[in-house]
């Protein structure tokens, strides 16, 4: 669902087609099952992933760590709650994709010349990674609760740091402006920031 | 923004959600601060140029800011309509996906902090800018105030973690946001009116 929205909003059909072409072309032999599951339409995120890989992380310079990171990046590109819930019925199929991906990526790690193939594959195999993660997540619900509590505590600590930073920023302003001007300006600055909760 | 933060937390494996969440939020705050400061620099340059051209006229700009605040208060109360001036851009969603959570957070919050270069909901930013244009001889104050705006903009995302929105169903989050929204809307008008009255009173007393 999210991918379709991205494609529609991007309007970069040429790039999308180029990427699809590259993605399918680079899937190595023996990975037909993954090839079949390459989505008919690639998301704009995939396009960016491809460009990122080609322009920034050039294949000739790819290390194993970079490949691993790009795999995560590509997986992340498609892992959203919307996608996960919309396709939850495909979890079993996705798990098999994940298993295949593991085998392929392990092979790629050994053979440096195939690293680029791994990179292309990652776009098509996103769902395997995400749904395998989702399965693990559902089996670890208590941990989710722990994470929620820990994150809340961390957010409260960050709030304190934010207030301190706020004070550091406001003091020079108050010191350099008339009291009324600084008070009104600070009030408006704070209020101008509060709205972002409702920003897209 | 709420959905972006929820997504960043939820998509990570359970074992790493805490570390990734804290890192993403920290970079989110830094991004807001940096974006706000950058917007402040741009405005400070304009204000300083104005100051060099026409000199210091804080009273005139304070009165203009008061008028703008009243005008936008009326808009907030739906008495009349005034266009919002913003570029209505937002960070491409692909960026949020493609970069690491910390980088994506920084970029996203940085764009939020830039205020005019993204979608603006608050009317407070317009009288603030007019007011800032009148203090061009103090560019650091302008930069600091916009950094505050950017930081506060980013800091509102902390609510996602504090209120547990990252783990609540979307319907519940929307319900809470709707409740907050009505309070924020009423408060926005109140803030604008208070600002207008304060500035006009100060200008009057200073002139007298």
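Chains as they are written, first to last, in my numbering: chain L, 1266 to 1465; chain Y, 23 to 230.
Beta carbons are placed, not taken as given, at the ideal position from N, Cα and C, and that holds for glycine.
Given the structure is predicted, the values throughout are model-derived calculations rather than measurements.
Taking 7 Å as the threshold, the shortest C-beta distance from residue 1429 (chain L) to chain Y does not fall below it. Within a 10 Å sphere around the beta-carbon of residue 133 (chain Y) sit 16 or more other beta-carbons, which makes this residue buried. In the three-state DSSP reduction, residue 174 (chain Y) falls in the helix class (H, G or I). The closest CA to that of residue 226 (chain Y), considering only Y:86, Y:48 and Y:66, is found on Y:86. When the alpha-carbon of residue 131 (chain Y) is set against those of Y:37, Y:31, Y:42 and Y:52, the nearest one is in Y:52. Taking C-alpha positions only, residue 178 (chain Y) is separated from residue 93 (chain Y) by approximately 26 Å. Under the 7 Å criterion on CB atoms, residue 1418 (chain L) is classed as non-interfacial with respect to chain Y. The DSSP-derived three-state label of residue 96 (chain Y) is helix. Taking 7 Å as the CB threshold, residue 1432 (chain L) stays off the interface with chain Y. Where residue 58 (chain Y) is concerned, the enclosing alpha helix (DSSP H) starts and stops at 39 to 76.
The beta carbon of residue 175 (chain Y) sits closer than 7 Å to some beta carbon of chain L.
Leaving aside the five residues that flank residue 207 (chain Y) on each side, the residues in its chain whose CB is nearer than 8 Å to its CB run, in chain order, 98. According to the DSSP assignment, residue 125 (chain Y) belongs to the alpha helix (DSSP H) that extends over 123 to 135. Taking each of Y:123, Y:214, Y:37 and Y:45 in turn and checking the Cα distance to residue 148 (chain Y), the smallest one comes out for Y:214. Around the Cβ of residue 77 (chain Y), a 10 Å sphere holds fewer than 16 other Cβ atoms; the residue is exposed. With respect to residue 54 (chain Y), residue 135 (chain Y) sits close: the two C-beta atoms are nearer than 7 Å.
Assignment of residue 204 (chain Y) by DSSP, reduced to helix, strand and coil, places it in the helix class. According to the DSSP assignment, residue 1458 (chain L) belongs to the alpha helix (DSSP H) that extends over 1444 to 1459. Residue 200 (chain Y) and residue 186 (chain Y) have their alpha carbons spaced roughly 16 Å apart.
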